[in-house]
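In what follows, a structure is listed as C-alpha cells, so that the remarks can point back to it.
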Amino acid sequence: GESVGLHLPTLSVQEGDNSIINCAYSNSASDYFIWYKQESGKGPQFIIDIRSNMDKRQGQRVTVLLNKTVKHLSLQIAATQPGDSAVYFCAENPPGGYNKLIFGAGTRLAVHP
Amino acid sequence: EPEVTQTPSHQVTQMGQEVILRCVPISNHLYFYWYRQILGQKVEFLVSFYNNEISEKSEIFDDQFSVERPDGSNFTLKIRSTKLEDSAMYFCASRRGRLAITDTQYFGPGTRLTVL
Numbered sequence: 005g006e007s008v009g010l011h012l013p014t015l016s017v018q019e020g021d022n023s024i025i026n027c028a029y030s031n032s033a034s035d036y037f038i039w040y041k042q043e044s045g046k047g048p049q050f051i052i053d054i055r056s057n058m059d060k061r062q063g064q065r066v067t068v069l070l071n072k073t074v075k076h077l078s079l080q081i082a083a084t085q086p087g088d089s090a091v092y093f094c095a096e097n098p099p100g101g102y103n104k105l106i107f108g109a110g111t112r113l114a115v116h117p
Numbered sequence: 267e268p269e270v271t272q273t274p275s276h277q278v279t280q281m282g283q284e285v286i287l288r289c290v291p292i293s294n295h296l297y298f299y300w301y302r303q304i305l306g307q308k309v310e311f312l313v314s315f316y317n318n319e320i321s322e323k324s325e326i327f328d329d330q331f332s333v334e335r336p337d338g339s340n341f342t343l344k345i346r347s348t349k350l351e352d353s354a355m356y357f358c359a360s361r362r363g364r365l366a367i368t369d370t371q372y373f374g375p376g377t378r379l380t381v382l
C-alpha cells in the first residue's frame, strides 16, 4: 500500500551522514509536537516528541529542535542508516484538548549506501 | 510490544456501498481516533472517540461516517454510501489517556479503501 506521493520533498543522504528534516507548523498555540516515520504500506510510527516548553529533546540517534518564534520543528538523525529511509511527518497538537493531531506534508528521506 | 491492529488491509467496494473498517486499539488505551491519507497527501484527522462518544470530528466526517465501539476491544469506522473520493488509506490510532500532555497516539498499519 502506497502512503507517499510523487511530489513530496526528498532529502537524499549518504549512509553514515547526519540528516536534518524540517517542518513548519501552523498554530502558534500548539503545545505538543511529534515526529512520525512512515514506511511504505505502514502506519505512522512514533519517533520522538517535544512539549512547547522545551526547545530541544534527544533520543537514540534522533534529536528534535523546536523554534516557537518561527513555528519551526526539525528532526536530526545521526549516522543515517538505510533503514531510516521513509517519509517523515511532523504533527502538532493544537490547543483545546488532547485530541486531534495536525500533520505536516511530509519529507521523503532516501539513504544511499 | 502492544500494537494497534486493523482489518482488512485492503477493501475494494463499489460506489454507493457501505463499508466497515475495523480496528483493535491497544488494550489499556482510552482514546481512539480515525485518520485518513489520500494518495499523495498528508494524514488528515477524521474523528476522536472517548468514553463511548465522539469528542471531536473534522469537516470530512459528515453524516456518511459513523464510529462505534461495539465491545471492549473493537473500534469501527462505517461509511454508509461510499464515494470515489473516499478512496484512501484509513488509519486507526489510540492513546493511553494519562493526564500528562505528552501522551502519544499510536497508529495501526492502515486499511486501504478503494472505491470503484
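If you read the sequences in order, they're chains F and E. Just so we're on the same page, the working numbering is the position in the first sequence counted from 1, plus 4. Just so we're on the same page, the working numbering is the position in the second sequence counted from 1, plus 266. For glycine and all other residues, C-beta sits at the position ideal for the given N, C-alpha and C.
Exercise for the section: Would you mind reading off the limits of the beta strand (DSSP E) that contains Phe341(E)? Expected result: In the second sequence, residue 341(E) corresponds to position 75, counting from 1. That run of the beta strand (DSSP E) goes 341 to 345.
Practice task
Would you give the residue range spanned by the beta strand (DSSP E) that Arg361(E) belongs to?
Solution key: Residue numbering aside, residue 361(E) sits at position 95 when the second sequence is read from its first letter. Residues 354 to 361.
Exercise for the section: Can you give me the start and stop residues for the beta strand (DSSP E) that His76(F) sits inside? Expected result: In the first sequence, counting from the first residue as 1, residue 76(F) sits at position 72. Taken as a continuous stretch (DSSP letters only), the beta strand (DSSP E) holding His76(F) covers 76 to 81.
Practice task
Examine the Cβ distances between the stretch 94 to 101 of chain F and the stretch 32 to 50 of chain F and report whether three or more of them are shorter than 8 Å.
Solution key: yes
Problem - As assigned by DSSP and simplified to three states, the class of Leu113(F) - result: Walking along the first sequence from the start, residue 113(F) turns up at place 109. Looking at Leu113(F) - three-state DSSP - the assignment turns out to be strand.
Problem - Reduced DSSP category for Asp118(F) - H, G, I as helix; E, B as strand; rest coil - result: What the structure shows of chain F is the stretch from 5 to 117, and residue 118(F) is not part of that stretch, so it cannot be assessed.
Practice task
Verify the CB distance criterion: does Gln277(E) have a CB-CB separation below 8 Å to chain F?
Solution key: Numbered from 1 along the second sequence, position 11 holds the residue referred to as residue 277(E). It does not: the Cβ of Gln277(E) has no partner Cβ on chain F nearer than 8 Å.
Exercise for the section: Could you check the C-alpha separation between Gly376(E) and Asn31(F) for me, to the nearest Å? Expected result: Working through the second sequence from its first residue, we reach residue 376(E) at position 110. Working through the first sequence from its first residue, we reach residue 31(F) at position 27. Using only the alpha carbons, I get a separation of about 27 Å.
Handout entry: Where Leu382(E) sits in the DSSP three-state scheme
Key = For the purposes of this step, residue 382(E) is identified with residue 116 of the second sequence, where counting begins at 1. Leu382(E): coil per DSSP, three-state reduction.
Practice task
Classify Leu312(E) as helix, strand or coil using the three-state DSSP reduction.
Solution key: As a first step, residue 312(E) is located in the second sequence; it is residue number 46 there, counting from the start. Here Leu312(E) sits in strand by DSSP.
Exercise for the section: For the beta strand (DSSP E) containing Arg302(E), list its first residue and its last residue. Expected result: Taking the first residue of the second sequence as position 1, residue 302(E) is located at position 36. 297 to 303 is the extent of the beta strand (DSSP E) around Arg302(E).
Handout entry: Per-residue DSSP class, three states only, for Leu287(E)
Key = Position 21 of the second sequence, counted from the first residue, corresponds to residue 287(E). Here Leu287(E) sits in strand by DSSP.
Problem - Assigned secondary structure, Leu70(F) (DSSP; H/G/I helix, E/B strand, else coil) - result: Taking the first sequence and counting its residues from 1, one reaches residue 70(F) at position 66. Leu70(F) falls in the strand class under three-state DSSP.
Exercise for the section: Determine the chain F residues that contact Glu351(E) at a beta-carbon separation under 9 Å, and present them in chain order. Expected result: To locate residue 351(E), count along the second sequence from 1; it is residue 85. Simply none; closest approach about 16 Å.
Problem - Inter-residue spacing [alpha-carbon to alpha-carbon] between Tyr316(E) and Lys323(E) - result: Start at 1 with the first residue of the second sequence, and residue 316(E) comes out as number 50. Start at 1 with the first residue of the second sequence, and residue 323(E) comes out as number 57. One C-alpha to the other measures close to 12 Å.
Exercise for the section: Answer yes or no: does any C-beta atom of chain E fall closer than 8 Å to that of Ala114(F)? Expected result: Locating residue 114(F) in the first sequence gives position 110, counting from the first residue. So no, Ala114(F) is outside the interface.
Practice task
Ignore the nearest five residues each way along the sequence and tell me which others in Pro274(E)'s own chain have a CB closer than 7 Å to its CB.
Solution key: Along the second sequence, read from residue 1 onward, the residue named residue 274(E) stands at position 8. Answer for Pro274(E): Thr377, listed in chain order.
Exercise for the section: Measure from the C-beta of Glu6(F) to each C-beta in chain E and report whether the shortest distance is under 8 Å. Expected result: Numbered from 1 along the first sequence, position 2 holds the residue referred to as residue 6(F). Low per-residue confidence applies at Glu6(F): pLDDT is 35, beneath 50, and the placement is therefore not dependable enough to give any value.
Exercise for the section: Please report the residue range of the beta strand (DSSP E) in which Ile292(E) lies. Expected result: The count along the second sequence starts at 1 and reaches residue 292(E) at position 26. Taken as a continuous stretch (DSSP letters only), Ile292(E) belongs to no beta strand (DSSP E), as it is neither H nor E.
Practice task
Give the DSSP bridge partners of Glu269(E), in chain order.
Solution key: Taking the first residue of the second sequence as 1, we reach residue 269(E) at position 3. DSSP lists no partner for Glu269(E).
Problem - Neighbour list for Pro98(F) in chain E, Cβ cutoff strictly below 9 Å - result: The count along the first sequence starts at 1 and reaches residue 98(F) at position 94. The contacting residues do not exist; Pro98(F) stays about 10 Å from chain E at best.
Handout entry: Neighbouring residues, chain F, relative to Glu322(E) (Cβ below 9 Å)
Key = Here residue 322(E) refers to the residue found at position 56 when the second sequence is read from its first residue. By Cβ distance, chain F contributes Gly100, Gly101, Asn103, Lys104.
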